[in-house]
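Here's the structure, in structure tokens; my notes come after.
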Amino acid sequence: MSACKIERWLRPEILALCGYHVTPAAGLVKLDAMENPYSWPEELRAEWTRSLSAVTVNRYPDPEAADLKAALRNFLQIPSSLSVMLGNGSDELLQIVMMGLCRPGSKIVVPEPTFSMYRILAETLGMHYVGVPLQAHNFELNVQAMQEAVQAHEPALLVLCYPNNPTGNLFDADAVAALVEAAPGLVLIDEAYFHFARRSMLPALAGNDNVLVLRTLSKLGLAGLRVGLLAGPHPWLQEFEKIRLPYNINVLSQAATVFMLEHAEVLEAQAAQILADRERLLDELQGRHGRVQVWPSATNFLLLRIKGAGQSLSKGLIQQGVLVKNMHGTHALLEDCMRVTVGTQEENAAFVTALDACL
Ligand SMILES: *Cc1c(COP(=O)(O)O)cnc(C)c1O
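Read in order, the letters of the sequence shown are residues -7 to 351 in the numbering used here.
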């Protein structure tokens, strides 16, 4: 009965959708979601808890999150010529931008493989999603194919993930600039891994009237607080602000993030540790087995290909107690691939041991 009603009334694009899948991680070494594996020093946690006890939860949050906005502008060095908008994670900001652009028939062009939420959000909102393959050998942009897609489809939105998830590379900056030039609509540059890449298109592209840059604190170490930031020209952000839900950043997230940004050196030291450990893990995997191919990365994860692995290897790893992200079957260029987040040294060693056991 209710299935009939669902099919009659629910939008067909939602019925057809595959949602974002999160595998339960209880009891496993969790290397699937690019989280920072470290907690904070004991005294800092105590000070943090004390500071949060002053937060009132009977009142609505500051709808502008003005203190947090100022702290983030400063921390992320956003030029004063640009406006900023905060989101409940950068996912929400992607959704807001697409909500603003999703007229009937409007299109989004995205190089692939990339972050799966772009497609999920676009399809949820009824935008027509066009994926253009990256170059197979190095996952670099195929500028000609991208330019042709832009000309053929006239997309309202072009999304470039810089560096790209799940391939880990920074696209060639000149290629990005050429696509910004060619795009008739908005270009959103998703810099979720900025704190590991330590490179940004923001300085080069801040002067363009059609470029938005997206950042998040999730990968740096505050994934649980859900704070993302969109920087771009005021005329655009002013419009997107109209569709942001009024209190999208809750009081605890506002207060906790402001507190942590006053102690950002802790997070930055953790990121530096993760970068050093990424290089070790890369070396170890590169030298290890003929079957293992691993790509260099500008992020806190590595993409691996293990010939003949299919999906079964990530399942085998779970049996060994380690959770990574299977990529096989998600895109033709990711055959036999998995993505592993760089964890603590112990977690990385557990991954390598589990991998050996499976091979
Ligand atoms: C993780 C990730 C996001 C989402 O991050 P949140 O701020 O936690 O919503 C966005 N884009 C890319 C490329 C990511 O990898």
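All C-beta atoms, glycine included, are put in the ideal place defined by N, C-alpha and C.
If distances are taken between C-alpha atoms only, which option among Leu277, Ala263, Leu326 and Ala17 comes closest to leucine 351?
Leu277
Cβ neighbours of leucine 126 in the same chain (closer than 6 Å, five flanking residues each side left out):
Pro103
Please specify which runs of the alpha helix (DSSP H), each continuous and at least 4 residues long, are wholly inside the segment 148 to 189, giving them in chain order.
165 to 174 and 186 to 189
Using three-state DSSP, classify threonine 322 as helix, strand or coil.
coil
Buried versus exposed, by CB contacts within 10 Å (16 or more), alanine 261
exposed
Residue from Pro288, Met319, Asn292 and Phe293 with nearest C-alpha to glutamine 303:
Met319
Glutamate 132 - DSSP class collapsed to helix/strand/coil
coil
Looking only at its chain, what residues have a beta carbon closer than 7 Å to the beta carbon of glutamate 327, apart from the 5 residues adjacent to it on each side?
His320
Using the Cβ count rule (16 or more neighbours within 10 Å means buried), how would you classify tryptophan 1?
exposed
Quick check: the Cα distance between phenylalanine 251 and threonine 48, rounded to an integer number of angstroms?
16 Å
Would you kindly work out how many angstroms separate the C-alpha atoms of glutamine 136 and proline 147, rounded to a whole number?
16 Å
Among Met109, Arg95 and Val101, whose alpha-carbon lies nearest the alpha-carbon of glycine 354?
Since the displayed the chain opens at -7 and closes at 351, residue 354 lies outside it and no answer follows.
Buried or exposed: cysteine 10, going by 16 or more other Cβ atoms within 10 Å of its Cβ?
exposed
Counting only runs of 3+ residues fully inside the segment 274 to 298, write out the beta strand (DSSP E) ranges in chain order.
284 to 286 and 293 to 298
In its own chain, which residues sit with a C-beta less than 7 Å from the C-beta of leucine 267, not counting the 5 before and 5 after it?
Phe188
Is it true that the segment 154 to 167 meets the segment 82 to 99, where meeting means three or more beta-carbon pairs spaced less than 8 Å apart?
no
Using only CA atoms, which one of Val314, Leu23, Phe131 and Asn50 lies nearest to asparagine 242?
Asn50
Three-state secondary structure (DSSP) of lysine 234:
coil
Status (buried if at least 16 other CB within 10 Å, exposed otherwise) for leucine 315:
buried
To the nearest angstrom, how far is the alpha carbon of leucine 150 from that of aspartate 24?
27 Å
Taking 6 Å as the cut-off, is the CB of phenylalanine 232 close to at least one heavy atom of ligand 1?
no
With 16 as the cutoff for other CB atoms within 10 Å, does leucine 105 come out buried or exposed?
In the sequence as presented, leucine is not what sits at residue 105; that position holds proline. So proline 105 ends up on the buried side.
First through last residue of the alpha helix (DSSP H) which encompasses isoleucine 112:
109 to 116
Three or more C-beta pairs below 8 Å linking the segment 112 to 128 and the segment 292 to 309:
no
Just to confirm, are methionine 138 and leucine 93 a CB contact at a threshold of 7 Å?
no
Is it the case that the Cβ atoms of phenylalanine 232 and arginine 207 are separated by a distance below 7 Å?
no
DSSP three-state call for glutamate 140: helix, strand or coil?
helix
From the DSSP output, read off the bridge partner residues of lysine 317.
Arg331
Contacting residues, own chain, Cβ-Cβ under 7 Å from isoleucine 298 (five flanking each side not counted):
Arg283, Val284, Leu305 and Asp328
Report the residue from Pro53, Thr41 and Leu78 whose alpha carbon sits nearest the alpha carbon of glutamine 230.
Leu78
Just how far apart, CA to CA, sit asparagine 340 and tryptophan 40?
29 Å
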